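First the structure, in the form of structure tokens, and then the observations on it.
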Amino acid sequence: MLSRCKRGGAAAALVLLLLTAWAAAPWVAAASVPAAAWTAAETPKLIALTFDDGPRRSTTTALLDGLAQRGVKATFFLIGAQLEDHQDLVRRMDAEGHQIGIHTYDHVYLTGLSKADFDAQVASTRQALMDILGHDGFLLRPPYGMVDAAVRQNAGCPIILWSIDPEDWGDQDAARETAHVVSNARDGAIILLHDIFPASVEAALAIVDQLHAQGYLFLTIEELFAARQITLKPGEVYANAYP
Ligand SMILES: [Zn+2]
799 MLSRCKRGGA AAALVLLLLT AWAAAPWVAA ASVPAAAWTA AETPKLIALT FDDGPRRSTT
859 TALLDGLAQR GVKATFFLIG AQLEDHQDLV RRMDAEGHQI GIHTYDHVYL TGLSKADFDA
919 QVASTRQALM DILGHDGFLL RPPYGMVDAA VRQNAGCPII LWSIDPEDWG DQDAARETAH
979 VVSNARDGAI ILLHDIFPAS VEAALAIVDQ LHAQGYLFLT IEELFAARQI TLKPGEVYAN
1039 AYP
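Counting from 799, one number per residue, gives the positions in the sequence shown under my numbering.
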């Protein structure tokens, strides 16, 4: 559906597809596609920014401000223990069209856990998000990307990993992180960053600016997979949406 036809037609087809998927899948955040991005390339390349380990008051606020200025939607995998003090930020993410997922209650390995311990990490965070937002439909990103058969069985939602990891928790060098992501960018990639570091926020916004100039369109995870006509299924693991 991203064939070489008139841009407006392709854009309209994508919007229609996204709206159709939105109605069908409960974990779809409010979808909106910035039409201006379509003018950068005849056939846009699609990519998703994802952020783990937040929210954090200072850095997440700065990131949301920068994304809003650029009309970009991202996906945030949140820590349950950090929700109570940041309910306004969670509501802001949701209201501004970002997608929200679960990154466990206090950032533990999910592999090897009993069902009860798994639920204490994942179901409890899901309930906290439902209490704040009034809806369900949250993706799961296991810390460290660690998945086993029990995690898949207990997840109750799609499991989202990534395809580009600049290891931004390491040297926290925004220029290096930006160069790593931009040089590894490809159509359908999923970028992993952490919105708890100032350098990662700086890198994320530079990545958006540089990849916008290359004709990339930033989508939430659900939008990205809907655009590729891939239906996300509970318990399945996804790390990219390459064409
Ligand atoms: Zn993490």
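For every residue, glycine included, the Cβ atom is placed at its ideal position computed from N, Cα and C.
Fair warning: this is a prediction, and the values are worked out from it, not measured in the lab.
Q. Is the beta carbon of E975 sitting closer than 8 Å to the one on A948?
A. no
Q | Assumed close pair F875, I900 - CB separation to whole angstroms, cut-off 8 Å | A | 7 Å
Q: Indicate whether the contact test is met: 3 or more Cβ pairs, each with one atom in the segment 940 to 960 and one in the segment 997 to 1013, closer than 8 Å.
A: no
Q) Can you give, in chain order, each stretch of the beta strand (DSSP E) that sits fully within the segment 895 to 959 and has at least 3 residues? A) 897 to 900
Q. Would the C-beta of H933 count as close to ligand 1, meaning under 7 Å from any of its heavy atoms?
A. no
Q | Cβ pair count under 8 Å reaching 3, the segment 1023 to 1041 against the segment 882 to 893 | A | The segment 1023 to 1041 makes no contact with the segment 882 to 893; the number of CB pairs closer than 8 Å stays below 3.
Q.
Measuring only the C-alpha atoms, how far is A777 from I962?
A. For residue 777 there is no data in the structure shown, the boundaries of the chain being 799 and 1041.
Q) Taking C-beta to C-beta, are L862 and R889 nearer than 8 Å? A) No; because the gap between Cβ atoms is not below 8 Å, this pair is not in contact.
Q: Measure the alpha-carbon distance for A987 versus P1041 and round it to whole angstroms.
A: 10 Å
Q: Could you give the DSSP three-state label for G852: helix, strand or coil?
A: strand
**Q.** Exposure of K871, with buried meaning 16 or more beta-carbon neighbours within 10 Å
**A.** buried
(Q) Am I right that A1025 and L844 are in contact with their C-beta atoms under 8 Å? What's the rounded C-beta distance? (A) 6 Å
Q | heavy atom of ligand 1 below 7 Å from P996 C-beta | A | no
**Q.** Boundaries of the alpha helix (DSSP H) in which F1016 is found, first to last residue
**A.** Counting along the chain, F1016 sits inside no alpha helix (DSSP H); it lies in the beta strand (DSSP E) bounded by residues Y1014 to F1016.
Q.
Going by beta-carbon coordinates alone, are A918 and L881 separated by less than 8 Å?
A. At the C-beta level, A918 and L881 stay beyond 8 Å of one another.
**Q.** Coil, strand or helix - L991 by DSSP
**A.** strand
Q: Using only the heavy atoms of ligand 1, determine whether one of them is closer than 7 Å to the beta carbon of I850.
A: The sequence shown places Asp at residue 850, rather than the Ile named in the question. Flag set: Cβ of D850 near ligand 1.
Q. Would the beta-carbon of P964 be found less than 7 Å away from any heavy atom of ligand 2?
A. No copy of ligand 2 appears in this structure; the ligands present are ligand 1.
Q: Would you mind sorting C803 into buried or exposed? The rule is 16 or more other CB atoms within 10 Å of its CB.
A: Caution is warranted here: a pLDDT of 32 is assigned to C803, below 50, making its placement in the model unreliable, and no coordinate value can be reported.
Q: Answer with buried or exposed for R855, where buried requires no fewer than 16 other C-beta atoms within 10 angstroms of its C-beta.
A: exposed
Q: Quick one: grab the DSSP three-state call for V1035.
A: V1035 falls in the strand class under three-state DSSP.
Q: Identify whether L865 lies in helix, strand or coil by the three-state DSSP scheme.
A: Residue state, collapsed to three classes: helix.
(Q) What does the alpha-carbon distance come out to for the pair A972 and A1001? (A) 5 Å
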